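Following numbering that gives the first Met the number 0 from start to finish, the sequence shown increments by one per residue and tops out at 386.
Read through the structure below, which is laid out as structure tokens, and then see the notes.
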Amino acid sequence: MRELRVSRKAASFTESVIRDMTRLALKHGAINLAQGFPDFACPQELKDAAKAAIDADLNQYAITWGAQNFREAVAQKFERTYGVAVDPNTQLCVTCGSTEAMISAIMAIVDPGDEVIVFEPFYENYGPDAILSGAAPRYVTLHEPDWTFDEAELAAAFSQRTRGIILNTPNNPTGKVFSRAELEAIARLCVKWNVVAFTDEIYEHMTYEGQRHIPLVTLPGMEERTVAINALSKTYSVTGWRVGWTISSPELTGGIRKVHDFLTVGAAAPLQEAGVVAMGLPDSYYEMLAAEYLERRDLMLGILEGAGFKTYKPYGAYYIMTDISALGFDDDVAAARTLTADAGVASVPGSSFYSRPELGRTKLRFSFCKKLETLRAAGARLAALRR
Ligand SMILES: Cc1ncc(COP(=O)(O)O)c(C=O)c1O
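So, in structure tokens, the structure goes:
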């Protein structure tokens with residue numbers, strides 16, 4: 000008899016290490032600086048709008064690719080922010096978070112046997128996203144301390160088999176914000192090889208010290224070949240709402256909408272109504288968001304350095320990559336587990352961000368999307384390490 004087993008695809012990747020660290024943090028009552036979710040409230044206007052939508056009986060399926068008013072609001076905000084017009088009727092697909100946006104887009108555009116270029120260290124979903132689409136991920140390393148790529152190395156990764164490249168800027172886990180020159184190099188190769196760029200821009204509004212997010216779609220030649228991915232999750236501190244979207248050419252959007260429809264039908268209808276309110280928040284909201292995250296970043300950098308970690312200063316997003324060699328750890332997984340169980344602070348082992356685990360063996364990632372008091376409490380626990 001044929002054995003019962005999971006598919007080769009499912010067997011070829013592991014469970015999320017980040018979500019595993021969250022479970023370990025809960026078990027040990029540790030402060031969770033592993034998974035990137037805020038421990039503070041989202042804007043009151045969003046809560047009010049979500050509750051009002053439920054009370055107004057907006058509780059049935061929205062249009063599968065997104066409520067009309069939410070798509071219009073997302074398109075208007077994108078044009079207001081980046082000066083690029085987006086047609087909400089043909090270029091937008093609302094999804095269950097940026098996670099579903101990424102996998103729907105890759106499944107819609109990439110065929111089995113194709114290759115998808117992924118920068119590493121990476122956000123851990125991208126490899127499985129490519130594999131579930133039947134594609135092979137092809138990794139290009141971002142080198143510390145600035146997390147730059149070697150242009151020749153990137154060029155060598157492109158070939159006739161390359162169908163896509165995944166770009167996450169501002170970047171998780173490194174905090175890197177890709178420069179215009181770097182984006183131009185990527186765009187040149189995408190145009191040369193006729194490759195689609197899947198851009199995860201979920202941290203677009205969290206940039207520090209004068210850095211600015213530049214969407215790849217704004218570069219020459221990239222308009223028809225970029226799928227820009229975003230979500231309410233991080234910018235509005237509602238990671239549990241699961242509302243995201245893709246912006247792409249009408250042709251690519253048509254494919255994404257079909258895959259999305261059969262994967263999930265649609266994102267939560269009342270929360271899309273609250274999303275309309277989110278898209279209408281004034282510029283001051285984003286300025287305040289970045290200023291508050293800058294304060295958290297600086298506090299956390301000080302805490303980690305004081306506790307003996309070598310830090311790589313992030314200029315975007317809300318994570319700090321560290322090096323733990325000086326602390327006497329030579330295995331990141333053991334270090335993360337020990338810190339969670341003994342010190343009571345959860346982080347993410349660096350190896351989970353690399354295709355070759357050895358590249359992350361001396362690294363740990365800490366998130367700082369927490370109240371200042373939570374970060375200070377984590378600081379007190381980490382300081383005890385040195386005593
Ligand atoms: C780079 C990146 N993309 C996507 C996600 C997940 O986004 P969402 O909650 O909208 O699915 C995260 C969450 O940590 C992330 O860091």
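Glycine included, each C-beta is placed from N, C-alpha and C at the ideal position.
Fair warning: this is a prediction, and the values are worked out from it, not measured in the lab.
Return the chain-ordered list of same chain residues with a C-beta closer than 8 Å to the C-beta of residue i, the five sequence neighbours on each side being excluded.
i       : result
Ala-471 : Given a span of 0 to 386 for the chain in the structure shown, any question on residue 471 remains unanswerable.
Arg-360 : Asp-329, Asp-330, Asp-331, Gly-349, Ser-350
Glu-152 : Val-139, Thr-140
Phe-39  : Ser-236, Lys-369, Lys-370
Phe-367 : Leu-32, Tyr-292, Arg-295, Arg-296, Leu-298, Met-299, Tyr-317, Tyr-318, Ile-319, Leu-374
Applying the 10 Å Cβ sphere with the 16-neighbour rule, what's the burial state of residue i?
i       : result
Arg-167 : Checking the sequence, you will find Asn at residue 167 rather than Arg. That one is buried.
Asn-170 : buried
Met-299 : buried
Tyr-60  : exposed
Asp-149 : exposed
Ser-6   : exposed
Asp-113 : buried
Asp-199 : buried
Ala-9   : exposed
Asn-58  : exposed
Pro-392 : Absent from the structure is residue 392, since the part of the chain shown begins at 0 and ends at 386.
Rounded to the nearest angstrom, what separates residue i and residue j at their Cα positions?
i       : j       : result
Ala-22  : Ala-84  : The sequence shown places Arg at residue 22, rather than the Ala named in the question. One C-alpha to the other measures close to 42 Å.
Glu-250 : Ala-333 : 47 Å
Val-216 : His-27  : 44 Å
Phe-352 : Ile-17  : 10 Å
Leu-32  : Gly-301 : 15 Å
Ala-24  : Leu-338 : 10 Å
Ala-72  : Glu-14  : 35 Å
Ala-345 : Pro-219 : 42 Å
Asp-86  : Glu-372 : 43 Å
Met-221 : Pro-120 : 24 Å
Phe-118 : Asp-56  : 44 Å
Glu-99  : Gln-75  : 22 Å
Trp-146 : Glu-357 : 17 Å
Ser-283 : Ile-213 : 19 Å
Using C-beta distances below 6 Å, list every residue in its chain close to residue i, excluding the 5 sequence neighbours before and after it, in chain order.
i       : result
His-259 : Cys-92, Thr-94, Ser-103
Ala-129 : Val-115, Pro-136
Ala-66  : Gln-271
Leu-326 : Gly-307
Val-275 : Asn-68, Phe-69, Ala-72
Residue i CB to nearest chain B CB: under 8 Å?
i       : result
Glu-203 : Structure shown: chain B not included; a single protein chain is present.
Based on DSSP bridge pairs, tell me the residues matched to residue i.
i       : result
Asp-199 : Asn-167, Ile-228
Cys-95  : The partner list for Cys-95 (beta bridge, DSSP) is empty, contrary to what the question assumes.
Thr-140 : Glu-119
Val-344 : Ile-30
Met-443 : Shown here, the chain extends from 0 to 386; a query on residue 443 therefore has no answer.
Glu-114 : Ala-135, Thr-161
Once you ignore the five residues that flank residue i on each side, which residues in its own chain have a CB closer than 7 Å to its CB?
i      : result
Ala-52 : Pro-269, Glu-272, Ala-273
Is residue i near ligand 2, going by C-beta to nearest heavy atom under 7 Å?
i      : result
Gly-28 : In the structure shown, ligand 2 is absent; the only ligands present are ligand 1.
Below 8 Å, can you find three or more Cβ-Cβ pairs linking the stretch 282-293 to the stretch 140-147?
Result no; under three Cβ-Cβ pairs closer than 8 Å.
Contact between the stretch 146-159 and the stretch 209-228: three or more CB pairs below 8 Å?
When Cβ pairs closer than 8 Å are counted between the two stretches, the stretch 146-159 is seen not to touch the stretch 209-228, the count staying below three.
Does the stretch 303-317 come into contact with the stretch 174-193, if we say contact requires no fewer than three beta-carbon pairs (one atom in each stretch) closer than 8 Å?
The stretch 303-317 vs the stretch 174-193: in contact.
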